[in-house]
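Numbering (this note's numbering), first residue to last: 8 to 351.
Right, one structure below, let's go through it.
If you want it as structure tokens, here you go:
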């Protein structure tokens with residue numbers, strides 16, 4: 008645990024250094040001026056929009072858990088999702104790093120198997136990906152149509168949209184079609200590691216290869232059960248799409264708060280592309296996401312770097328800091344450490 012805390016502290020220090028460097032590059036005085044003169048009403052609106060986003064994606068998790076036979080109350084699902092956002096925001100590589108903890112949170116709250124919780128959060132994350140691609144394509148189409156020339160940053164955005172629309176889906180389809188090979192590879196890779204850990208961790212016996220195989224099969228079965236339930240898929244997709252609208256509205260309102268008005272298509276492009284930066288080894292992608300958002304805003308809209316930076320910081324307070332604070336409290340209430348302890 009001490010090593011995990013140290014890694015988290017180092018990660019946040021690195022993220023703050025990146026943010027400080029960004030503000031220094033665009034101008035500390037100009038950014039602070041924009042922040043201190045921001046419209047208070049718009050700031051409250053950003054917080055309200057962030058709550059709507061969390062509720063919509065929390066209800067998406069609720070629909071998936073119902074389909075998996077692990078129903079919870081809607082408000083419980085929302086709180087658990089906020090706690091999952093917290094785990095994503097404090098671990099490197101964003102969702103990829105936080106999903107194991109998120110699965111534990113879900114399985115604890117829903118009183119179900121760990122692989123069911125993992126399937127639930129993996130399904131929700133996969134569904135979230137689909138509308139983000141649509142919004143990014145729509146945004147890029149309109150932004151590119153109005154651009155005089157394809158700048159380097161717009162070329163980067165085009166590449167990112169292509170990865171979202173083609174690369175990731177192809178990888179997902181191939182992984183699903185060859186899931187038998189994936190399962191065998193995971194067992195070959197994980198079993199020896201767990202066996203080695205059993206020599207270090209006292210009073211803990213590693214699961215057998217057969218047990219690991221059974222859990223992986225349970226995970227794939229849960230995914231397949233959701234995929235064949237059209238009602239669940241459509242409900243989850245609709246809630247996810249509304250959540251992306253809220254995130255885009257949060258950035259647009261943040262820009263409005265500092266006196267910058269940008270076309271809607273700009274935020275529809277910038278927000279999904281910016282989310283790709285969460286894969287960097289920083290807590291929740293913090294620092295990298297802000298840098299990408301500012302870079303794309305400056306290159307796609309008539310807004311200064313200082314105004315873009317101040318607006319992005321306001322947006323991230325609502326979409327990053329707020330759920331991290333609330334989610335941390337929920338995660339503590341669920342007793343994650345106690346649930347994860349080998350002695351329990």
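Glycine residues also receive a C-beta, built at the ideal position from the N, C-alpha and C atoms.
Burial of residue 72 is indicated by the presence of at least 16 other C-beta atoms within 10 angstroms of its C-beta. In the three-state reduction of the DSSP assignment, residue 330 falls in the helix class.
Counting every other CB atom within 10 Å of its CB across the protein chains shown gives residue 317 a total of 16 or more, marking it as buried.
For residue 112, the three-state secondary structure derived from DSSP is helix. Counted as a single uninterrupted DSSP element, the alpha helix (DSSP H) harbouring residue 250 occupies residues 237-264. Using a Cβ distance threshold of 9 angstroms, residue 38 and residue 313 count as a contacting pair. Taking the C-beta atoms as reference points, residue 246 is found nearer than 9 angstroms to residue 66. Residue 85 and residue 63 have their C-alpha atoms some 8 angstroms from each other. By the Cβ rule, the region 128-136 counts as touching the region 240-260, because three or more pairs are nearer than 8 angstroms. In this structure, the CA atom of residue 269 is about 20 angstroms from the CA atom of residue 40. Under the three-state reduction of DSSP, residue 118 is assigned to coil, being neither helix nor strand. DSSP, read as helix, strand or coil, puts residue 46 in coil.
DSSP places residue 304 in the helix class (H, G or I) of the three-state scheme.
Residue 322 sits buried, since 16 or more C-beta atoms from the chains shown fall within 10 Å of its C-beta. For the region 119-153, the continuous alpha helix (DSSP H) assignments of 4+ residues that do not extend past its boundaries occur at 121-153, in sequence order.
Residue 298 and residue 68 have their C-alpha atoms some 29 angstroms from each other. In the structure shown, residue 289 adopts coil according to DSSP, grouped into three states. Listed in chain order, the non-local C-beta contacts of residue 108 below 6 angstroms within the same chain comprise 94, local neighbours out to five positions each way being set aside. In its chain, beyond the 5 residues on either side, 290 have a beta carbon closer than 7 angstroms to the beta carbon of residue 19. In the DSSP annotation of this structure, the continuous segment of the alpha helix (DSSP H) that includes residue 92 starts and ends at 81-96. Boundaries cannot be given for residue 75, as no alpha helix (DSSP H) includes it and DSSP labels it neither H nor E. Shortest Cα-Cα distance from residue 235 to any of 130, 266, 57 and 142 involves 130. Assignment of residue 99 by DSSP, reduced to helix, strand and coil, places it in the coil class. Going by beta carbons, residue 141 and residue 272 fall outside the 9 angstroms limit. Annotation for residue 34: no alpha helix (DSSP H) segment contains it, and DSSP assigns it neither H nor E. Contact annotation: residue 341 and residue 90 have beta-carbon atoms nearer than 9 angstroms.
Within the same chain, Cβ atoms closer than 6 angstroms to the Cβ of residue 59 are found at 253, the five residues on either side in sequence being excluded.
Secondary structure of residue 279 (DSSP, three-state): helix.
Taking the CA atoms as reference points, residue 308 sits about 46 angstroms from residue 188. Under the DSSP assignment, residue 310 falls outside any alpha helix (DSSP H); it carries neither an H nor an E label. If you check the CB distance, residue 54 and residue 325 come in under 9 angstroms. Judged by beta-carbon spacing, residue 278 lies beyond the 9 angstroms limit of residue 311, meaning their Cβ atoms are not closer than that value.
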